[in-house]
Amino acid sequence: MDALSIVVDEVALEGLDGITLPSLWIRLEDREPKFPLKLDNCTKGFIWRSLVNNADLSFHELPEEREDIELFDRFKDIDPETGFETQKQKFSHDRRDVYPLHVIPENQDGIQGSCVFFKERKNVTKQIRSKSFAPLVNLEEAQERYGRKLVVVASQALRFRTLIGSNNDPESKISNDSYCVLERVGRGRWQGELQSDLHGSLFKIDARKMHYLRKCLVKHDLITMQSYVRRLKTGQQQHSILLLLKRFHVNRSVWFRFCFSAYLVNSYKFSNFRHNKIPAEDFTSITTRSIKQGLLSSGTKGVPHREIGLRMNVGRLESRMICRKMDRDGVIKVNVVVYFTLKFVFMLRAKPVLFQSNLTSS
Numbered sequence: 511m512d513a514l515s516i517v518v519d520e521v522a523l524e525g526l527d528g529i530t531l532p533s534l535w536i537r538l539e540d541r542e543p544k545f546p547l548k549l550d551n552c553t554k555g556f557i558w559r560s561l562v563n564n565a566d567l568s569f570h571e572l573p574e575e576r577e578d579i580e581l582f583d584r585f586k587d588i589d590p591e592t593g594f595e596t597q598k599q600k601f602s603h604d605r606r607d608v609y610p611l612h613v614i615p616e617n618q619d620g621i622q623g624s625c626v627f628f629k630e631r632k633n634v635t636k637q638i639r640s641k642s643f644a645p646l647v648n649l650e651e652a653q654e655r656y657g658r659k660l661v662v663v664a665s666q667a668l669r670f671r672t673l674i675g676s677n678n679d680p681e682s683k684i685s686n687d688s689y690c691v692l693e694r695v696g697r698g699r700w701q702g703e704l705q706s707d708l709h710g711s712l713f714k715i716d717a718r719k720m721h722y723l724r725k726c727l728v729k730h731d732l733i734t735m736q737s738y739v740r741r742l743k744t745g746q747q748q749h750s751i752l753l754l755l756k757r758f759h760v761n762r763s764v765w766f767r768f769c770f771s772a773y774l775v776n777s778y779k780f781s782n783f784r785h786n787k788i789p790a791e792d793f794t795s796i797t798t799r800s801i802k803q804g805l806l807s808s809g810t811k812g813v814p815h816r817e818i819g820l821r822m823n824v825g826r827l828e829s830r831m832i833c834r835k836m837d838r839d840g841v842i843k844v845n846v847v848v849y850f851t852l853k854f855v856f857m858l859r860a861k862p863v864l865f866q867s868n869l870t871s872s
C-alpha cells in the first residue's frame, strides 16, 4: 500500500464521524507498519492536496471543535507469565472518547455508522475544492478558517469496503447496530475493542444483545474473537472477548499457552520436576501430549465441559473457547447428554485413532 492509499485508509477507518487534520497526523505517526513519508510541512501539504483530489472523500464543518484522539496500547502492560492485562495504566473504558455513540437510523441514502453531529454538521466540500477537484484553499488556509471543526469523511462504499476487506461481498447487508460495532472495532485498528467495553460503557445495552450483534459479524466472517483477561487492582480477574477486524488479527497465544500449562500443573504431579531446565518448545509439546492423554484416560465416558475449566483453572468463557478450538481442529468430539432433570451437559470425547497416532509418533 503506497503512502496516499494509507492516508485514505486511515480516513476510512475513522468511520462516519470523520477525522480532523490534527488527528490524522497522529494516526499516520502511529501507523503500523510505519508511514513511509516524513510528516513535515511539505508532506502534509502534499497529503492535503491528495485528499482534496479524491472523489470518495468529503469535507464537513462541525458545530464545535473536536479534541484530538488519544492513543493507547492495551498490550503494553500484559503480564508475560499469565497473559493478563494489569492495571498500570487506564483501561480502555476509562479513557476519554472523542467519538460518542449515536447510531444513524435507516435513511434513503443508505448511510450507516455512528455520528453525533450527522445532522448538525455542514458540508463544505464546495468551499474546499472546485468541480474539477482543484483545491480552492491550501492546508494553512483550511486550518486557519475551520480549525478543529473540519473533518474529512470517506464515502459509505469506501468505509464499508475498508471494514470488510477485499475478500467479502460489498453487497452484504447488516443491521445499523451491528455496523456500528464493526465500525468501532475497525477504529481500534490493532488494538481492537473489548466486548465488555462495547456493551457496558459505549452501547449501554445488555450483554445478550451485544452477543447477538457480534454474532452477525462473525457469521459474515468480518471479525475475529480472542479471549482477554484483565487483572484489577483488587486482584480480581475480568474476563472478556477481544474483537478485531480480520486484517488486524494477531494470534496472541500467550494466554492459551498459560492455560495449557496450568492444566498440566494442576492435573499431574511430577517427581523432581524442574521447569527451568526444560526448553520452552519441549514444555509446550509435553503439555499438548498430556492433554490428549487426559482425554483418552476418560475412555468412552468423556470429560464434562465444566471439568475442563476446573482442571485448567480458567473461567467458563476460556474453557469454552479452548474446547471449540480443539473441536474445529478435529482433536475432540462434542456430544450432548440429556439428563432426566432436563439439564444439558456438554461432554468431550476424544478420537482414539487421532490420539493414538499422535502418541505413537511422539
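Counting along the sequence shown from 1, when you hit position 221 you're at 731 in our numbering, and nothing is skipped either side.
Backbone N, C-alpha and C define an ideal beta-carbon position, used for all residues, glycine too.
For Ile733, the beta-bridge partners assigned by DSSP are Leu755. Under DSSP, the beta-bridge partners assigned to Tyr738 are Ser750. Per the DSSP secondary-structure output, Thr530 pairs in a beta bridge with Val661.
One Cα belongs to Gln637, the other to Asp589, and the distance between them is close to 51 Å. Separation of Ala717 and Ile684 (C-alpha to C-alpha, rounded to the nearest whole angstrom) is 19 Å. In the DSSP annotation of this structure, Glu571 is not part of any alpha helix (DSSP H); the continuous beta strand (DSSP E) holding it starts and ends at Leu567 to Glu571.
Here DSSP, grouped into helix, strand and coil, assigns Lys629 to coil.
Excluding five sequence positions before and after Tyr609, the CB atoms of its chain that fall closer than 6 Å to its own CB belong to Asp527, given in chain order. For Tyr656, the closest alpha carbon among the candidates Leu531, Arg834, Ala513 and Asp839 is that of Leu531. Less than 8 Å divides the Cβ of Val634 from the Cβ of Glu571. The residue among Val521, Gly675, Ser711 and Glu703 with its C-alpha nearest the C-alpha of Ser568 is Val521. Within its own chain, the residues whose Cβ lies closer than 6 Å to the Cβ of Leu673, once the five positions on either side in sequence are excluded, are Leu692 and Gly696, listed in chain order.
Note on the region 646 to 693: whole alpha helix (DSSP H) runs with a minimum of 4 residues are 649 to 656 and 666 to 674, in chain order. Three or more pairs of CB atoms, one per stretch, sit closer than 8 Å, so the region 551 to 563 contacts the region 648 to 655. Residues Lys756 and Arg757 of the same chain have their beta carbon placed closer than 7 Å to that of Gly675, with the five preceding and five following residues left out of the count. Note on Asn551: under 16 other CB atoms within 10 angstroms of its CB, so exposed under the neighbour-count rule.
The shortest CA-to-CA distance from Ser706 to any of Phe545, Gln748 and Arg639 is the one to Gln748. Out of Leu660, Arg741, Glu681 and Ser515, the CA that lies nearest to the CA of Glu577 is found in Leu660. In its chain, beyond the 5 residues on either side, Leu572 and Pro573 have a beta carbon closer than 8 Å to the beta carbon of Glu630.
Taking 8 Å as the cut-off, the Cβ atoms of Ile536 and Ile579 count as close.
Going by beta carbons, Arg694 and Leu708 fall inside the 8 Å limit. Rounded to the nearest angstrom, the gap between the Cα atoms of Leu523 and Glu654 is 26 Å. Between Gly623 and Arg671, the C-beta spacing is not below 8 Å.
In this structure, Leu549 lies near Glu539, with their beta-carbon atoms less than 8 Å apart. Judged by DSSP secondary structure, Phe556 falls within the alpha helix (DSSP H) whose first and last residues are Asn551 to Val562. In the DSSP assignment, the residues bridged to Thr596 are Arg741. Judged by beta-carbon spacing, Leu727 lies beyond the 8 Å limit of Ser682, meaning their Cβ atoms are not closer than that value. The criterion of a C-beta distance shorter than 8 Å is not satisfied by Phe594 and Arg826. Within the DSSP secondary-structure output, Leu704 pairs in a beta bridge with Leu752. Lys843 carries a strand assignment under DSSP once its states are collapsed to helix, strand and coil.
For Val813, the secondary structure class from DSSP, reduced to helix, strand or coil, is strand. Between Leu752 and Thr596, the alpha-carbon positions lie close to 16 Å from each other. Cα atoms of Asn678 and Ala664: separation of roughly 19 Å, rounded to the nearest angstrom. Going by C-alpha positions, Ala565 is about 44 Å away from Arg838. One thing to note: Val562 has its Cβ within 8 Å of the Cβ of Arg639.
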